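Encoded as C-alpha cells, the structure appears first; notes follow it.
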Amino acid sequence: MISYWLFLVVVVFTLNTMLRRQLGTGHSNAIFKIIPLAIIALIGVLACVVAGMAAYLNAETGRIYTSRYRYGYSNVGSIVYPLSGLRVAFYSLYLISLLVSGALALKTIMSLRKAGKAGGDLLGWVLALTIAMVFWTICTLVGAVWSLQGYYASTYSVASYLALGYLVNFGQALSFIFILCIAKHVSWKTTTGAEPMAYQSQYSPVANPAAQPYQPYGHNNLNGHANEQYGYNANVNGQANHYHEAPEYVGTNNAIRA
C-alpha cells in the first residue's frame, strides 16, 4: 500500500507541480496545488490504515496455527471483511485520483501548448502514463472486489486471478517506463532564453595590408642625406626636392608656383 501511495505521489503531485512550473509564476492557480495535496493526504491516511490492518491480520493468521490459538478464539474473521472493504475503497479513490490528476495535467499541457512553452509536447507521454495507471488500478480493484465477495464471485477462478496478477504487473511496468520517459524528456532542461553564440572562427585573424600604416624606408642618396616618404631630401647635387610640397600662392594675377 505504501508503495502504491508513493507511486501516486509521483504521478499526481510531482508531475503536476513540474508542469505548472513550466508555465511560470504568472500562471499560478491554487486549485492545481490544493487538489493534488488533498488527494495525496487522503490516500496516504487510507494507505496507512490498510497497511496497519493487513499487518495485524497477518500476525493473527500466524497465531492461529500455534498450539495456543489452534482451538481458541481468534478475531481474524472480524478483520478480513472490513479490510477487504477498505481495500476496495482505497483502490476506488486511487482510480478517481488518477483521473482527476490526468485531467489537471492535460489542462496544464494544453496551456503550455497555447503559450508556446516547453512541455507542450508531453501530451502523448502523459496520456500513455494515465492510461497505464488507470489500467492496472482497475485490474487491482477487480481483485479487491473478488476478495470482498469471499472469492465466491461467479467470475472468480484461480486462472483468472493469476491472469489478473500478470496484467497488474504489466501495467505497473509500463507506468514506470512512461515515468522514466517523461523524466528524461528534453522539456525539463533549463532554458535561459539566451541567443545562440555567433560562430567564431578557430583561425587567428589575418592582418590586412591595406589597413596597415605606411612605414617609410630610410634610404640614403648619394650625398648621405636621408630620404623622406615618397621622395628624397636632396638630389645628387645636394639640392632639395619639392615633389610633395604644397603649391605656393603668389598673387591673384600670377600663376601658382610650385
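Residue numbers for the sequence shown follow the numbering used here, beginning at 1440 and rising by one. For every residue, glycine included, the Cβ atom is placed at its ideal position computed from N, Cα and C. Since the structure is predicted, the reported quantities are computational estimates derived from the model, not experimental observations.
Tyrosine 1530 sits away from leucine 1601, with the two beta carbons spaced by 8 Å or more. Annotated three-state conformation of glycine 1604 is helix, per DSSP. Using a Cβ distance threshold of 8 Å, methionine 1549 and valine 1450 do not count as a contacting pair.
Within the model, the alpha-carbon separation for lysine 1628 versus glycine 1555 is close to 15 Å.
Shortest Cα-Cα distance from leucine 1445 to any of Ser1523, Ile1479 and Val1625 involves Ile1479. Secondary structure of lysine 1553 (DSSP, three-state): helix.
Per the coordinates, the alpha-carbon of leucine 1522 lies some 35 Å from the alpha-carbon of alanine 1622.
Counting other Cβ atoms within 10 Å of its Cβ, asparagine 1455 reaches 16 or more and is therefore classed as buried. As the crow flies, the alpha-carbon of leucine 1543 is around 42 Å from that of glutamate 1499. Within the model, the alpha-carbon separation for leucine 1568 versus asparagine 1608 is close to 15 Å. In this structure, Ser1536 is the residue among Ser1536, Leu1566, Ile1618 and Gly1582 with its C-alpha nearest to the C-alpha of proline 1475. Contact between valine 1489 and leucine 1525 holds, with the beta-carbon distance rounding to 5 Å and staying under 8 Å. Cα atoms of alanine 1612 and isoleucine 1518: separation of roughly 31 Å, rounded to the nearest angstrom. The beta carbons of cysteine 1578 and leucine 1606 sit about 5 Å from each other, so the pair counts as a contact at 8 Å.
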